[in-house]
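Position in the sequence shown (first residue = 1) + 277 = the working numbering. Each residue gets a CB set at the ideal place from its N, CA and C atoms; glycine is no exception. See structure below.
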Amino acid sequence: MHISASMRKFHILLFIFFSSSIFSQSHLEKPEIYIGATFGVNESMVMFKPMVAQGFLQGYNGGLVFRYVADKNVGFQVELNLSQRGWAEKTGLYTRQLNYIEFPFLTHFYFGNNSRFFFNIGPKISYLISEKDLINNTTASTEVQHITKIQNPFDYGVSAGFGYLINIKGNIIQLDTRANYSLSDVFSNDTRDYFDTSNNLYLSVNLAWLLKIK
């Protein structure tokens, strides 16, 4: 039986969501609840097929974090972020920035006590709120990625990364690195369309401050 590309992507997302949520073991005597803020940078590109030669485009990301830990070594984390993505073509003639509101839903694994290494993994959904050309030195270009507005504002994918945190009297200072891969495409990929795929790929590094709620 033939399974479409979109259905395969959906199966991947479900697998990551459920497999990352089955490791709950012993319960903590008192759950740990944290809220805070995060801010950092993205290095992004769009995985076009047919390929468009690119370098990484730098943008900002940041937002709010809620973390709940009720089991030893595992909890969950949700975020509300503004995420700047896009692509910068190697010719230097064209760069486009894409601004998303992003919602990651992450399983949070940790190792240690007041100082902890951690690993986050899970699905994310995003919605495009604006786009703009940062550089457009093309002259009467007919390239699809230059003349076409983003056709699929809804974005979904997976996120995974690791980091380190220090707990100072209930104040969490942490450094978080993350890889983010979208399973959806920014441009239409019907058989009549030029691009077969056009999905976001971006790496992020963030510094966060979280407060433990008693």
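* **Residues near E356 by beta carbon distance below 8 Å, same chain, minus five either side** => The residue you call residue 356 lines up with position 79 of the sequence shown. Excluding sequence neighbours, E356 sits near T315, G340, L341, V342, F343, E379, F380, P381 and L383.
* Would you tell me roughly how many angstroms separate the C-alpha atoms of L487 and N413, rounded to the nearest one? => Here residue 487 refers to the residue found at position 210 when the sequence shown is read from its first residue. Here residue 413 refers to the residue found at position 136 when the sequence shown is read from its first residue. If I take the Cα positions, the gap works out to 40 Å.
* Asked: Taking the continuous beta strand (DSSP E) assigned at Q422, which residues delimit it?
  -> Here the question's residue 422 lines up with position 145 in the sequence shown. Not the beta strand (DSSP E): Q422 falls in the alpha helix (DSSP H), residues V421 to I424.
* L334 to G313, Cα distance in whole Å? -> Here residue 334 refers to the residue found at position 57 of the sequence shown. Here residue 313 refers to the residue found at position 36 of the sequence shown. Distance between the alpha carbons of L334 and G313 is about 27 Å.
* Roughly how many angstroms separate the alpha carbons of G399 and A437, rounded to a whole number? -> Counting from one through the sequence shown, the residue named residue 399 turns up at place 122. Counting from one through the sequence shown, the residue named residue 437 turns up at place 160. Approximately 7 Å between the Cα atoms of the pair.
* Which term fits D453, buried or exposed, when burial requires 16 or more other beta carbons within 10 angstroms of its beta carbon? -> Here residue 453 refers to the residue found at position 176 of the sequence shown. Buried, by the Cβ-count rule.
* Asked: Less than 9 Å separating the beta-carbons of I424 and N376?
  -> Position 147 of the sequence shown, counting from 1, holds the residue named residue 424. Position 99 of the sequence shown, counting from 1, holds the residue named residue 376. No, they are not a contact pair.
* Just mark S545 as buried or exposed, buried being the case when its beta carbon has 16 or more other beta carbons within 10 Å. => Nothing about residue 545 can be reported from this structure: the residues present for the chain run from 278 to 491 only.
* **Min CB distance K401 to chain B below 9 Å** => In the structure shown, chain B cannot be found, because there is only a single protein chain.
* Where does L370 fall in DSSP's three states? -> Position 93 of the sequence shown, counted from the first residue, corresponds to residue 370. Coil, per DSSP.
* Asked: Which partner residues of S403 appear in the DSSP bridge assignment?
  -> As a working mapping, residue 403 is identified with position 126 in the sequence shown. Paired residues: E379 and D432.
* What's the C-alpha gap between L478 and N358? -> Residue numbering aside, residue 478 sits at position 201 when the sequence shown is read from its first letter. Residue numbering aside, residue 358 sits at position 81 when the sequence shown is read from its first letter. The alpha-carbon atoms of L478 and N358 are separated by roughly 16 Å.
* Give the DSSP-derived three-state secondary structure of S301 in the structure shown. => Position 24 of the sequence shown, counting from 1, holds the residue named residue 301. Summary for S301: the model assigns pLDDT 48, below 50, so the residue's position carries little reliability; its value from the coordinates is reported in the next sentence. Correct three-state label for S301: coil.
* To do: Label Y404 either buried or exposed according to how many other C-beta atoms from any shown protein chain fall within 10 Å of its C-beta, with 16 as the threshold for buried.
  => Position 127 of the sequence shown holds residue 404. Result: exposed.
* To do: Return the chain-ordered ranges of every beta strand (DSSP E) run that is complete within the region 442–472 and spans a minimum of 3 residues.
  => 448–459
* Collapsed DSSP secondary structure at S481 in the structure displayed -> Counted from its first residue, the sequence shown places residue 481 at position 204. It is a strand residue.
* **Buried or exposed (CB count within 10 angstroms, at least 16 for buried), Y337** => Start at 1 with the first residue of the sequence shown, and residue 337 comes out as number 60. The residue is exposed, with fewer than 16 neighbouring Cβ atoms inside 10 Å.
* **Inside the region 294–358 only - alpha helix (DSSP H) runs reaching at least 4 residues** => none
* Alpha carbon to alpha carbon, what distance is there between Y458 and I450? -> In the sequence shown, residue 450 corresponds to position 173, counting from 1. In the sequence shown, residue 458 corresponds to position 181, counting from 1. Cα to Cα, I450 sits roughly 26 Å from Y458.
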